[in-house]
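J.: Under the working numbering, think of the first position of the sequence shown as 11, with each following residue one higher. Using N, Cα and C, we set each Cβ at its ideal position, and we do this for glycine too. Keep in mind that this is a model prediction, so the values were computed, not measured.
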Amino acid sequence: MIYRLLFIILVVFFTNLPEVNSQANLLNARVPQDVGRLSDDQKKASTQDPLSYGFVDDRDILWSKTVWERIDVDERINFPYYYPTDTLNLGPDRRSLFHILKNNLRSGNIKEVYDDDYFQIKLTYREILDKLVSIDTLDAGFEQLNAGEALDPQYVNRRNITAREIRQYRVKGTWYFNKRQGELKYRLLGLAPVAPDVYTLDKPEAEQDLVELFWIWFPDARISLNTSTVFNTRNSSQPITYDHMLNSRRFNSIIYKEENVYEDRLINEYIFEDALQQLLESERIKSVIRDFEQDMWNN
Numbered sequence: 011m012i013y014r015l016l017f018i019i020l021v022v023f024f025t026n027l028p029e030v031n032s033q034a035n036l037l038n039a040r041v042p043q044d045v046g047r048l049s050d051d052q053k054k055a056s057t058q059d060p061l062s063y064g065f066v067d068d069r070d071i072l073w074s075k076t077v078w079e080r081i082d083v084d085e086r087i088n089f090p091y092y093y094p095t096d097t098l099n100l101g102p103d104r105r106s107l108f109h110i111l112k113n114n115l116r117s118g119n120i121k122e123v124y125d126d127d128y129f130q131i132k133l134t135y136r137e138i139l140d141k142l143v144s145i146d147t148l149d150a151g152f153e154q155l156n157a158g159e160a161l162d163p164q165y166v167n168r169r170n171i172t173a174r175e176i177r178q179y180r181v182k183g184t185w186y187f188n189k190r191q192g193e194l195k196y197r198l199l200g201l202a203p204v205a206p207d208v209y210t211l212d213k214p215e216a217e218q219d220l221v222e223l224f225w226i227w228f229p230d231a232r233i234s235l236n237t238s239t240v241f242n243t244r245n246s247s248q249p250i251t252y253d254h255m256l257n258s259r260r261f262n263s264i265i266y267k268e269e270n271v272y273e274d275r276l277i278n279e280y281i282f283e284d285a286l287q288q289l290l291e292s293e294r295i296k297s298v299i300r301d302f303e304q305d306m307w308n309n
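1) Give the C-beta separation of GLN178 and VAL66 to the nearest angstrom, bearing in mind that I take them to be a contact with Cβ-Cβ under 8 Å.
2) According to DSSP, is LEU139 helix, strand or coil?
3) Could you say which of ARG259, GLU283, ASP284, PHE302 lies nearest to GLU79 if we only look at CA atoms?
4) Alpha carbon to alpha carbon, how far is TRP227 from ALA285? Give it in angstroms, no decimals.
5) So is GLY158 buried or exposed if we call it buried at 16+ other beta carbons inside 10 Å?
6) Helix, strand or coil for ALA205 per DSSP?
7) Within 10 angstroms of the Cβ of TYR93, are there 16 or more other Cβ atoms? Answer buried if so, exposed if not.
8) Over the uninterrupted beta strand (DSSP E) stretch that includes ASP82, give me the two end residues.
9) Using alpha carbons as the reference points, say which of LEU100, LYS182, GLU175 lies closest to PHE129.
10) Taking just the CA atoms, how far does ASP68 sit from ARG169?
11) Below 8 Å, how does it come out for the region 217-235 and the region 193-203: are there three or more Cβ pairs, yes or no?
12) Express the C-alpha separation of ALA216 and ASN236 in angstroms, rounding to a whole number.
13) Would you report the Cα separation of THR239 and GLU269, rounded to the nearest angstrom?
14) Can ASP301 and LYS189 be called in contact, C-beta distance under 7 Å?
15) For GLY64, verify whether its CB is less than 6 Å away from any heavy atom of the ligand PLP.
16) Residue range of the beta strand (DSSP E) that VAL298 falls in?
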């Protein structure tokens with residue numbers, strides 16, 4: 011009887027979630043253009059703000075540690091952040107994380123964008139585009155320019171960083187122990203897409219230089235990410251927002267830097283050319299963070 015009651019409660023809960031259905035109005039559509047068209051009531055239910063973090067007093071923070079992590083998009087668990095790279099036939103609802111970030115940067119919904127992970131050098135949208143686009147003039151084009159002729163577009167090689175070129179995402183966040191609530195929590199602070207330098211795209215992959223394209227102050231991007239959904243492989247009728255995915259840490263990552271007295275040096279700056287030891291050092295840092303909460307209750 012208890013299990014039956016629990017099942018009924020779960021069914022009611024999930025069927026009343028206010029998230030936008032990835033195939034809204036699919037079963038009621040008279041023509042294909044009606045798919046995804048929401049009624050006024052559905053629009054009101056779907057325009058929800060992200061869950062507020064709440065105020066945390068500095069006096070309540072007993073301990074904290076800031077870490078930088080690398081999310082490799084070629085890992086299966088991280089695929090939702092990378093795909094889809096080709097959206098020609100998928101409709102407007104399914105987009106990769108990079109596509110969502112770029113669109114909201116262009117529209118001005120995300121304003122807090124920086125060149126560094128300490129959020130000191132702010133970038134304009136034009137400066138961001140300079141990192142995403144390269145324009146090279148071929149020798150034949152220079153000959154035209156030297157002869158005083160107009161440059162023929164066929165002699166201009168233009169390359170763009172798209173969602174397909176993204177290799178990693180890097181996140182910066184702080185783990186802290188809230189003594190008032192008696193638990194360890196995580197607050198995501200920054201997010202950066204990583205791709206090959208646009209001027210090295212024509213080189214073999216082994217020779218490409220990976221660079222951080224820009225750093226986004228995550229709290230400023232939460233509203234935009236909360237209105238964009240990720241494909242749910244287990245139930246396509248209940249998509250998950252990017253804000254939910256990132257805040258709940260639904261990804262696999264490796265710590266590549268922690269705040270330290272040595273000017274926040276990278277792990278690979280004090281463990282040279284040894285990938286295994288670097289990975290073990292990352293796991294050691296994770297253990298320090300994880301064990302702090304356990305030690306609070308054991309002492």
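T.: This is what the structure gives:
1) So it is not a contact: roughly 29 Å between Cβ atoms.
2) Assigned with DSSP and collapsed to three states, LEU139 falls in helix.
3) Out of ARG259, GLU283, ASP284, PHE302, ARG259 has the C-alpha closest to the C-alpha of GLU79.
4) Rounded to whole angstroms, ALA285 to TRP227 spans 30 Å at the Cα level.
5) Counting of Cβ neighbours within 10 angstroms places GLY158 among the exposed residues, the total staying below 16.
6) Residue state, collapsed to three classes: strand.
7) Result: buried.
8) 71-82 is the extent of the beta strand (DSSP E) around ASP82.
9) For the residues LEU100, LYS182, GLU175, the minimum Cα distance to PHE129 belongs to LYS182.
10) Rounded to whole angstroms, ARG169 to ASP68 spans 47 Å at the Cα level.
11) Flag = yes, the region 217-235 and the region 193-203 touch.
12) Answer to the nearest angstrom: the Cα atoms are 36 Å apart.
13) Going from the Cα of THR239 to the Cα of GLU269 covers about 32 Å.
14) For ASP301 and LYS189, no; Cβs fall outside 7 Å.
15) In terms of ligand content, the structure shown is empty, and the ligand PLP therefore cannot be addressed.
16) Per DSSP, VAL298 belongs to no beta strand (DSSP E); it is in the alpha helix (DSSP H), 285-308.
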